[in-house]
Amino acid sequence: MSHYSRVLVTGGCGFIGSHFIKKILEREHVSVLNIDVLTYAGNTGNLSTHTDAWGDRYTHVVENICNVSEIENLVATFDPEVVIHFAAESHVDRSYFDAYDFIKTNIEGTRVILEAVRKHNPRTRFIHISTDEIYGDVEEGEHSVEVHPMKPSNLYAASKAGADQLVQAFTRTHTFPAIIVRGSNNYGTHQYPEKLIPMTITSLLGDRKISVHGNGGHQRSWLHVQDFCAAILLIMDTAEGGTIWNVSGDSRTNLQVIQAIADVLELPLTDRIVHVPDRPGADLRYAPSSDKLQKNLGWSRSFSFDDSIPAIVAWYIENKDWWTDVQSKEEFISHFKKQAAGEWL
Numbered sequence: 003m004s005h006y007s008r009v010l011v012t013g014g015c016g017f018i019g020s021h022f023i024k025k026i027l028e029r030e031h032v033s034v035l036n037i038d039v040l041t042y043a044g045n046t047g048n049l050s051t052h053t054d055a056w057g058d059r060y061t062h063v064v065e066n067i068c069n070v071s072e073i074e075n076l077v078a079t080f081d082p083e084v085v086i087h088f089a090a091e092s093h094v095d096r097s098y099f100d101a102y103d104f105i106k107t108n109i110e111g112t113r114v115i116l117e118a119v120r121k122h123n124p125r126t127r128f129i130h131i132s133t134d135e136i137y138g139d140v141e142e143g144e145h146s147v148e149v150h151p152m153k154p155s156n157l158y159a160a161s162k163a164g165a166d167q168l169v170q171a172f173t174r175t176h177t178f179p180a181i182i183v184r185g186s187n188n189y190g191t192h193q194y195p196e197k198l199i200p201m202t203i204t205s206l207l208g209d210r211k212i213s214v215h216g217n218g219g220h221q222r223s224w225l226h227v228q229d230f231c232a233a234i235l236l237i238m239d240t241a242e243g244g245t246i247w248n249v250s251g252d253s254r255t256n257l258q259v260i261q262a263i264a265d266v267l268e269l270p271l272t273d274r275i276v277h278v279p280d281r282p283g284a285d286l287r288y289a290p291s292s293d294k295l296q297k298n299l300g301w302s303r304s305f306s307f308d309d310s311i312p313a314i315v316a317w318y319i320e321n322k323d324w325w326t327d328v329q330s331k332e333e334f335i336s337h338f339k340k341q342a343a344g345e346w347l
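For any residue, its number in the numbering used here is found by taking its place in the sequence shown, counting from 1, and adding 2.
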């Protein structure tokens with residue numbers, strides 16, 4: 003068990019960040035400061051069922067990660083032993099319409115939190131949450147390992163690659179031993195319903211068409227969010243500073259994912275799929291390798307895609323109020339219309 007007791011999390015009301023907070027606060031000696039400005043994807047409902055039990059061990063501050071003075075003040079006041087940096091604009095589709103928010107949040111926001119932590123205490127353990135999308139398209143039969151070059155193909159991936167390189171530069175220039183974790187496509191409960199899995203589930207439950215980009219043959223590495231959070235905790239507890247770690251799951255195409263969900267619901271896909279124009283410059287295959295994490299730190303997955311999908315589907319069935327509330331908001335509706343029609347420019 004880690005001795006760390008004060009953990010600062012950025013973006014902790016989002017999908018992955020909220021799961022991580024719930025997991026780390028199972029450690030009763032830990033206190034968490036969550037900095038989340040609550041953009042469209044931030045949802046306090048992801049954590050509200052737990053906050054009473056946590057009491058004063060959990061604090062949420064609504065603040066923009068790019069606000070230099072406030073971030074520096076929060077870091078100095080809380081004095082974290084560990085920082086887990088999730089905060090980011092993360093949806094590829096949205097990056098085609100507003101690249102500015104991605105550059106500002108993902109690169110400038112990362113710089114701000116890096117500077118604040120380094121100035122306050124350069125020995126603070128800093129873990130940056132990156133993505134396998136920074137590697138770009140991967141040829142069939144090949145896998146991305148941590149030393150492979152970054153070749154981002156879309157604006158979201160480019161902004162995350164920029165943040166990733168900024169963290170590496172801080173590590174070398176300032177002898178600031180940050181750690182980078184590059185996760186693959188996470189799935190699980192409480193995921194914002196414009197992403198493929200919750201979009202498919204809610205569309206089938208709501209008798210709506212499912213929009214598929216291109217031919218639907220894009221391959222992704224699907225990683226259960228609980229396995230990803232377990233990997234982050236393991237890395238936090240045991241990895242050396244200045245290291246980089248891939249975390250990957252099961253490879254499936256988009257159509258395979260959709261079919262798996264339809265099978266669980268026992269619904270035919272006949273006339274339910276609409277193929278729309280593919281994303282410009284779309285990556286056809288991501289294939290990160292977790293061999294380093296498995297061999298060096300002993301990480302292994304507890305959830306397989308096929309075995310875990312039924313429970314995920316069941317959660318969305320049982321929590322209709324959660325996702326219908328999200329889907330009723332204008333920030334979801336306006337973008338989803340473009341996404342569903344494959345309108346990119």
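Here a beta-carbon is modelled for each residue, glycine too, at the ideal position from N, C-alpha and C. Predicted, not measured: the structure shown is a model, and the values here were computed from it.
Would you identify the three-state DSSP class for residue 130, choosing helix, strand or coil? strand
Taking only runs of the alpha helix (DSSP H) that begin and end inside the segment 203-245, which ones reach a length of at least 4 residues, in chain order? 227-240
For residue 297, count the other beta carbons within 10 Å of its own beta carbon; 16 or more makes it buried, fewer makes it exposed. Which is it? exposed
Taking the Cβ atom as the reference point for each residue, do residue 8 and residue 82 lie within a distance shorter than 8 Å? yes
Could you check the C-alpha separation between residue 36 and residue 63 for me, to the nearest Å? 6 Å
Tell me the DSSP secondary structure of residue 272 in three-state form. coil
I'd like to know whether the C-beta atoms of residue 264 and residue 271 end up nearer to each other than 8 Å. yes
Relative to the alpha-carbon of residue 316, which residue among 244, 340, 267 and 104 has its alpha-carbon at the smallest distance? 267
Which class does residue 57 belong to by DSSP, given the choice of helix, strand or coil? helix
Using C-beta distances below 6 Å, list every residue in its chain close to residue 21, excluding the 5 sequence neighbours before and after it, in chain order. 227 and 231
Tell me, please, whether the segment 46-59 touches the segment 210-222 by the rule of three or more beta-carbon pairs shorter than 8 Å. no
Are the beta-carbon atoms of residue 127 and residue 201 separated by less than 8 Å? no
Please go through the segment 84-157 and give each complete beta strand (DSSP E) segment of 3 or more residues, from N-terminal end onward. 84-87 and 127-133
Going residue by residue through the segment 152-204, where are the continuous alpha helix (DSSP H) segments of at least 4 residues, counting only ones entirely within it? 157-175
At what residue ranges does the segment 269-331 contain a whole run of the beta strand (DSSP E), taking only runs of 3 or more? 275-278
Sort out for me which residues DSSP pairs residue 8 with in a bridge. Note: residue 8 sits in a beta bridge opposite 33.
Assuming residue 368 and residue 291 make a contact with CB atoms under 8 Å, what is their CB distance in whole Å? An answer regarding residue 368 cannot be provided, because it is not within the stretch 3 to 347 covered by the chain.
Can you tell me where the alpha helix (DSSP H) with residue 20 in it begins and where it stops? 17-26
Can residue 97 and residue 104 be called in contact, C-beta distance under 8 Å? yes
Does the beta-carbon of residue 175 have 16 or more other beta-carbons within 10 angstroms, so that it is buried, or is it exposed? exposed
Through-space distance from residue 60 to residue 92, alpha-carbon basis: Residue 92 and residue 60: Cα-Cα distance of roughly 25 Å.
Let me know the secondary structure DSSP gives residue 253 once reduced to three states. In the three-state reduction of the DSSP assignment, residue 253 falls in the strand class.
Using only the alpha-carbon positions, how far apart do residue 110 and residue 166 sit? 12 Å
Check this for me: beta carbons of residue 138 and residue 118, under 8 Å apart or not? At the C-beta level, residue 138 and residue 118 stay beyond 8 Å of one another.
Report yes if the CB atom of residue 134 is closer than 8 Å to the CB atom of residue 184, and no otherwise. yes
May I ask which residues mark the beginning and end of the alpha helix (DSSP H) holding residue 76? 70-80
Just list the residues that DSSP pairs residue 63 with in beta bridges. 37
Exposed or buried, residue 326, counting other C-beta atoms within 10 Å across all chains shown (16 or more means buried)? exposed
Helix, strand or coil for residue 45 per DSSP? coil
If residue 235 and residue 26 are in contact, beta carbons under 8 Å, what's the gap, nearest whole angstrom? 7 Å
Between the beta-carbon of residue 249 and the beta-carbon of residue 295, is there less than 8 Å? yes
Would residue 71 be called buried (16 or more neighbouring beta carbons within 10 Å of its own) or exposed? exposed
Ordered along the chain, which non-local residues of its own chain (more than five positions away) have a Cβ less than 7 Å from that of residue 189? 199, 224, 226, 227 and 314
What do you reckon, are the CB atoms on residue 23 and residue 11 nearer than 8 Å? The answer is yes: Cβ separation under 8 Å.
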